[in-house]
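Asks: This structure is in structure tokens; I'll ask about it shortly.
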Amino acid sequence: MATKIVMEALSPTMEEGRLVEWKKAEGQPVAAGDVLAEVETDKAVMELVARAAGVLLKQTVAAGATVPVSSLVGWIGQPGEAVPDGASGPATGAAAPAGASAAGAAPAAGSAAPAAGGTAAGAASAGVGAGAGAAGAAGAAGAAGAAGAAGAAQGGAAGAGAGAATAPAGRVKASPLARRIAADKGVDLTRVTGSGPEGRVIKRDLDRAPAAAAAPTRAVTRRRPDGPPFEDTPLTQIRKTIAKRLVQSIGPIPTFYLTTEIDMERAADLREQIKATQGDAVKVSFNDLVVRAVALTLVEHRACNAWWLDDKIRYWNEVHVSMAVAVPDGLITPVIRNADLKSLTEIGAESRELAGRARERKLKPEEYTGGTFSISNLGMFDIEHFTAVINPPEAGILAVGSIATVPAVVGGQVVPRKRMRVTMSCDHRVIDGATGAEFLKTLKQLLENPISLVW
Amino acid sequence: MATLTYRDALNVALREEMARDDRVFLMGEEVAEYDGAYKVSRGLLKEFGPKRVVDTPIAELGFAGIGVGAAMVGLRPVIEMMTWNFALLAIDQIVNSAAKMRYMSGGQVGVPIVFRGPGGAALQLGAQHSQAFESYYAHIPGLKVIAPATPADAKGLLKAAIRDEDPVVFIEGEMLYNLKGEVPDGDHVTPIGKADIKRAGKDVTIICHSKTVAPSLKAAEALAAEGVDAEVIDLRTIRPLDVDTILESVARTNRCVVAEEGWPFAGVGAQVVDTIQREAFDALDAPILRVTGADVPMPYNKVLERAAKVDAAKIQDAAKKVLYL
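Protein chains in written order, with my numbering: chain A, 1 to 455; chain B, 456 to 780.
Here is the structure:
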């Protein structure tokens, strides 16, 4: 009597699991307690172990597939034992060794063997014998039968291949050339959208992909403007669980807040220098510096430049900064598009122009939608610190406080310094605490060393 | 440089080699008095006499064996098979005697012989007379297999084959005999084992030989009109295979189609694909596709025969598939 292998609940909150990899092939002997497969739960990758001894008769779920807890994934039994209701073909392209060798050893005769092997006694020798007998019986029709069998065998293999291919992603499909280029460029293939068959990543996809963000701490990663605008990423089990659990706690957008204080002495110096050298010809406000710094930080921290879209997360390669502007009876968020590709003066001119028209209620809809991250600045109202409300589907908003001269410890001495407190509101379904903290760390580095904002 | 037919280019090669080396002789059915069934040996009897241009009975195994013996004792026979279909009767001498003698004699006895004649399908000659045998002979260690596609290569490679110290299977294209092209004058010898880039390109490599070269070039022109820059490589020699030229091209294009007149199973293209996937795995951006004759005995019916053969449209279609177009 064959024993079912089911997807077990490997964590208290697990409702479904992704079968990452089979550790035993069909036909392989199995002892109770042996690891049969690796399963990704909502928390981690765990081992699915055998509850019975024998051989792994059948894998009914292909590697990569996600199935609910307690659903059937395979069968353990005695060698040659029939699988209940096992009419369907092998789950993966790797057929049972017995069937494969039978087909290979007796291509002319093996017509019936692989098909019958599943239900009848399935040992290799038996398969060959049965096939030879069948061919003998077929007599003059042997050649035609053999041709038909070859066709059937090929059809079966193709079908199995397609089945494995449509299983949910786990392994990135990429051409050998694409893998080599990705390795050379340091590109993470899971972040690249493949344009080949069945989403296979091929060379042209990497020609468009941005280079790796392996920048030194102080150097700023700049975006190439010719990449795809965004990449959609399916939710992993852990992100699904985070989303579900945190919405129950603080819903519908489970927000948390991160605050840091940024030293703005150098930023103030920079403004003084610009004023001294350029006079009134060039206007750069603190807000312009913040917008540009945020835009550059988003290029480096794409995890924060994202939309929550319920079933997936859209990671934007383009950076469109929404800027909250107070208007007589409310507020509106005009968007500075491709802010990372614009200079300080371009950002300044555009934000003033947009804010002006916003107050006159003359913005077109496309001018206040489509942002990928927001900034709300109440510094001009002398607000030291506040928290801003996330503007969905964006996953983050930065609340910018006033720049105040306060006592600060620099080099062991208490000295007056211009400081600015910023608070980032994060959608926890997209951004985790550490992710947001990394973002603020880079932002702080940029604003405290504002020379990299100039070019 | 003269413009010659493929047929006359072979004739020139034979004449020049017979004049250069008096050990060279031609033997086969109808080669002497009738000037050859396809007129490749036209005028040779008159020029070189009946000792060096020898008509045989219809007995392929017998005269192939006589040729092997003559080669073993120092002559350089060129054995004409009226077509390669008839050489099936002589395959024991080609495979078991000619190919293995050097190995089994411990290097003491070589067999410098050329078996030549037309191969491949012509038009409505039926299943038994319409087949491409390159892969049969390329399977055998000890044989060299050549299948030229142009008059210039026909001349240069036949001369190289006659001068080679080992047995060469030289498969001409029955449908190529009237093909005209420029042929270098004088001692034009094309090295065995060197493929030829018949058209340079950067987007996809089309590998072909013999009768599939012309349709491949036609497909490349049609692809150019669609903005695809195809490279066409004529293998010229099937064995030894020019692996370097193939790999160098695929490294540039990352995509490949292999076309051949013969059947798909264990065909020449299968060997080419095997080499590429092993030696140039990291250069591939898409699976390689093969274009072959249909996996059936050649139909006699004209419509079915055309459907079974490789043509430019099929090669063009395969190239677009590997380009994901």
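Beta carbons: idealized from backbone N, C-alpha and C, even for Gly.
All figures in this text were calculated on a predicted structure; none of them were measured in a lab.
Return yes when the Cβ of Val533 of chain B is within less than 9 Å of the Cβ of Ser552 of chain B, no when it is not.
Replies: In this structure, Val533 of chain B does not lie closer than 9 Å to Ser552 of chain B by Cβ.
Asks: For Ala268 of chain A, which option in A:Lys364, A:Pro229, A:Arg417 has the closest C-alpha, if you only look at C-alpha atoms?
Replies: The candidate whose alpha carbon is nearest that of Ala268 of chain A is A:Arg417.
Asks: Which parts of the region 479 to 544 of chain B are runs of the alpha helix (DSSP H), unbroken and 4 residues or longer, counting only runs that do not cross its ends?
Replies: Runs found: 499 to 503, 515 to 527.
Asks: Using DSSP with H/G/I as helix, E/B as strand and the rest coil, what is Val327 of chain A?
Replies: Note: Val327 of chain A maps to strand in three-state DSSP.
Asks: For Ser704 of chain B, which option in B:Arg571, B:Ala679, B:Pro670, B:Ile662 has the closest C-alpha, if you only look at C-alpha atoms?
Replies: Checked all of B:Arg571, B:Ala679, B:Pro670, B:Ile662; the closest Cα to Ser704 of chain B is B:Ile662.
Asks: Could you tell me which whole beta strand (DSSP E) segments of length 3 or greater appear in the region 611 to 665 of chain B?
Replies: As far as the region 611 to 665 of chain B is concerned, its whole beta strand (DSSP E) runs of at least 3 residues are 623 to 628, 635 to 638, 651 to 654, 659 to 663.
Asks: Would you report the Cα separation of Pro622 of chain B and Gly522 of chain B, rounded to the nearest angstrom?
Replies: Roughly 11 Å separates the two Cα atoms.
Asks: Tell me, please, whether the CB atom of Ala738 of chain B is closer than 9 Å to any CB atom in chain A?
Replies: For Ala738 of chain B, the answer is yes, since a Cβ of chain A falls inside 9 Å of its Cβ.
Asks: Report yes if the CB atom of Lys666 of chain B is closer than 9 Å to the CB atom of Gly628 of chain B, and no otherwise.
Replies: A contact, by the Cβ cut-off of 9 Å.
Asks: Give me the Cβ distance between Ala53 of chain A and Ala32 of chain A, rounded to the nearest whole Å; I'm assuming they're in contact under 8 Å.
Replies: Their Cβ separation, rounded to whole angstroms, is 5 Å, which keeps Ala53 of chain A and Ala32 of chain A in contact under 8 Å.
Asks: Shorter than 9 Å from the beta carbon of Ala178 of chain A to some beta carbon of chain B?
Replies: Yes, Ala178 of chain A lies at the interface with chain B (some Cβ there is under 9 Å from its Cβ).
Asks: Label Lys364 of chain A either buried or exposed according to how many other C-beta atoms from any shown protein chain fall within 10 Å of its C-beta, with 16 as the threshold for buried.
Replies: Under this definition Lys364 of chain A is an exposed residue.
Asks: Can a CB atom of chain B be found closer than 9 Å to the CB of Lys312 of chain A?
Replies: Closer than 9 Å: no.
Asks: Using only alpha-carbon positions, find the residue among B:Ile549, B:Gly574, B:Met527, B:Arg557 that is nearest to Met537 of chain B.
Replies: That would be B:Gly574, whose Cα lies nearest to the Cα of Met537 of chain B.
Asks: Taking Cβ to Cβ, would you say Ala602 of chain B is nearer than 9 Å to Gln586 of chain B?
Replies: Contact flag unset, no.
Asks: Would the beta-carbon of Arg691 of chain B fall within 9 Å of that of Leu598 of chain B?
Replies: No; because the gap between Cβ atoms is not below 9 Å, this pair is not in contact.
Asks: Do you know how far the Cα of Gly348 of chain A is from the Cα of Ile770 of chain B?
Replies: C-alpha separation (whole angstroms): 57 Å.
Asks: Where Asp737 of chain B and Glu716 of chain B are concerned, what is the direct C-alpha to C-alpha distance, given to the nearest angstrom?
Replies: Looking at the two C-alpha atoms, the distance is approximately 29 Å.
Asks: Classify Arg292 of chain A as buried or exposed, calling it buried when 16 or more other Cβ atoms lie within 10 Å of its own Cβ.
Replies: By the 10 Å Cβ count, Arg292 of chain A comes out buried.
Asks: Can you give the Cα-Cα distance for Val39 of chain A and Asp750 of chain B, rounded to whole angstroms?
Replies: Approximately 44 Å between the Cα atoms of the pair.
Asks: So with CB distances below 8 Å, who are the chain B contacts of Pro197 of chain A?
Replies: Here the neighbours are Tyr779.
Asks: Quick check on the DSSP output: what are the complete alpha helix (DSSP H) runs of length 4 or more inside the region 677 to 752 of chain B, in order along the chain?
Replies: For the region 677 to 752 of chain B, whole alpha helix (DSSP H) runs of length 4 or above, ordered along the chain, are 698 to 708, 723 to 734.
Asks: Would you list, in sequence order, the uninterrupted beta strand (DSSP E) runs of no fewer than 3 residues that lie entirely inside the region 7 to 44 of chain A?
Replies: 16 to 22, 35 to 40, all fully within the region 7 to 44 of chain A.
Asks: Thinking just about the alpha-carbon of each residue, which of A:Arg180, A:Arg337, A:Ala437, A:Val49 is nearest to the one in Ala9 of chain A?
Replies: Selected option, being the one with the closest Cα: A:Val49.
Asks: Residues of chain A with a CB under 9 Å from the CB of Ala685 of chain B: which are they?
Replies: Within 9 Å Cβ-Cβ: nothing; Ala685 of chain B doesn't reach chain A, min ~17 Å.
Asks: State yes or no: is the C-beta of Phe386 of chain A within less than 9 Å of the C-beta of Leu378 of chain A?
Replies: Against a cut-off of 9 Å, the Cβ pair of Leu378 of chain A and Phe386 of chain A comes out as a contact.
Asks: Near Lys4 of chain A, what residues of its chain come up, given a Cβ to Cβ distance below 6 Å and the 5 sequence neighbours on each side ignored?
Replies: For Lys4 of chain A, where only same-chain residues beyond five positions count, the Cβ hits under 6 Å are Leu72.
Asks: Applying the 10 Å Cβ sphere with the 16-neighbour rule, what's the burial state of Arg223 of chain A?
Replies: By the neighbour-count rule (16 or more Cβ atoms within 10 Å), Arg223 of chain A is buried.
Asks: Tell me whether the region 274 to 286 of chain A and the region 354 to 374 of chain A touch, counting them as touching only if at least three CB pairs, one residue from each stretch, are closer than 8 Å.
Replies: Judged by Cβ distances under 8 Å, the region 274 to 286 of chain A makes no contact with the region 354 to 374 of chain A, as fewer than three pairs qualify.
Asks: Ignore the nearest five residues each way along the sequence and tell me which others in Arg302 of chain A's own chain have a CB closer than 6 Å to its CB.
Replies: The residues are Tyr315.
Asks: Does DSSP put Met456 of chain B in a helix, in a strand, or in coil?
Replies: Met456 of chain B: coil per DSSP, three-state reduction.
Asks: Taking only beta-carbon positions, decide if Lys185 of chain A is within less than 9 Å of chain B.
Replies: Chain B, which has no Cβ nearer than 9 Å to the Cβ of Lys185 of chain A, makes this no.
Asks: If we call anything under 9 Å between Cβ atoms a contact, is Arg710 of chain B one with Ile626 of chain B?
Replies: Against a cut-off of 9 Å, the Cβ pair of Ile626 of chain B and Arg710 of chain B comes out as no contact.
Asks: Quick one: residues in its chain with C-beta nearer than 8 Å to the C-beta of Val45 of chain A, no 5 flanking neighbours on either side, listed in chain order?
Replies: Contacts found: Val20, Glu38, Val39.
Asks: Can you name the residues of chain A whose CB is closer than 7 Å to the CB of Ala576 of chain B?
Replies: Within chain A, no residue comes near Ala576 of chain B; the closest Cβ sits about 21 Å away, beyond 7 Å.
Asks: Give the range of the alpha helix (DSSP H) segment to which Gln771 of chain B is assigned.
Replies: Gln771 of chain B -> alpha helix (DSSP H) spans 767 to 777.
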